[in-house]
Amino acid sequence: MDKETLLSIGRPQRRCMNCDAQIDMIERHASVLRPAGDHAVERCDYCPTCWEQLKDDAYESFWMTRRDTTPRKAPKMSRRERSMALRALFESLWDRREAEDVGPEIYLLAHLLMKWGGLKYRENAADISGRPCLVFEDPASGDRIEIADIEVGDERLASIQQRIDDFLSEYANEDKASDE
Ligand SMILES: [Zn+2]
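Read left to right, the sequence shown gives residues 1 to 180 (the working numbering).
Right, dumping it as C-alpha cells:
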C-alpha cells in the first residue's frame, strides 16, 4: 500500500456500515478496506453481528460463486488435473487457516491429496501443543505439513465433499472455456 492510499483511510466510523448500530463503544470490531479508485480505499466498520454474517458470506463465495440447487457430480478429470485443482484449493485454505475455521476442509483435502497425489502421508504425531496431528510431506518440496487430526462429523464431511466437487466442476469448466 503506498502513502497516498494509506492517507485515504478514514477514521473509525461511529456506526455499523451495514445495520447502522452504534459501534464506537465496542472495544473490538471488524474493519474492512475496499479499493475505491486509484490510490484510495474506503473504510467499512461493522458491528460483530453483521460481521459474523458478512464473514460467512465472503467465505461461501470464495469457492462457490454460482449456486445451483441440483448437486453436481465431480467432473471427469485426469488424475493430474484433479490433483492440481485440489492442490490449489488446499493452498488457498492453508493460507487462511489461522484466520478462519477451515480445519475440517484442510483435513479432508489432505486425505484427498493423499489419494490423488500431491501429499504423502508420513506419520501420526503431536503438534507443539501436544495435540494429535497427521504429518504429510509435500513430494515436490519435501516440506513437512502438519494437519490437526480432528473429528469431523459425517454430515460436515458430506457437505465439504459436495463443495469440493462443486469447486472441481467449476475448475474443469473454466479450463474448457479457456481452451476454446
Ligand atoms: Zn451491524
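Glycine included, every Cβ here is placed at the ideal spot set by N, Cα and C.
Going by the DSSP bridge assignment, what does residue i pair with across the sheet?
i           : result
residue 99  : Looking at the DSSP assignment, residue 99 forms no beta bridge with any residue, so it has no partner.
residue 124 : 134
residue 22  : 15
residue 148 : 133
I want to check one thing, is the minimum distance from the CB of residue i to the heavy atoms of ligand 1 below 7 Å?
i           : result
residue 44  : no
residue 19  : yes
residue 50  : yes
residue 133 : no
Please classify residue i as buried or exposed, where buried requires at least 16 neighbouring CB atoms within 10 angstroms.
i           : result
residue 26  : exposed
residue 110 : buried
residue 85  : buried
residue 37  : exposed
residue 11  : exposed
residue 147 : buried
residue 14  : exposed
residue 23  : buried
I'd like to know if the region 152-162 and the region 103-112 are in contact, where contact means that at least 3 CB-CB pairs between them fall below 8 Å. yes
The region 126-134 touching the region 89-102, judged by at least three CB pairs closer than 8 Å: no
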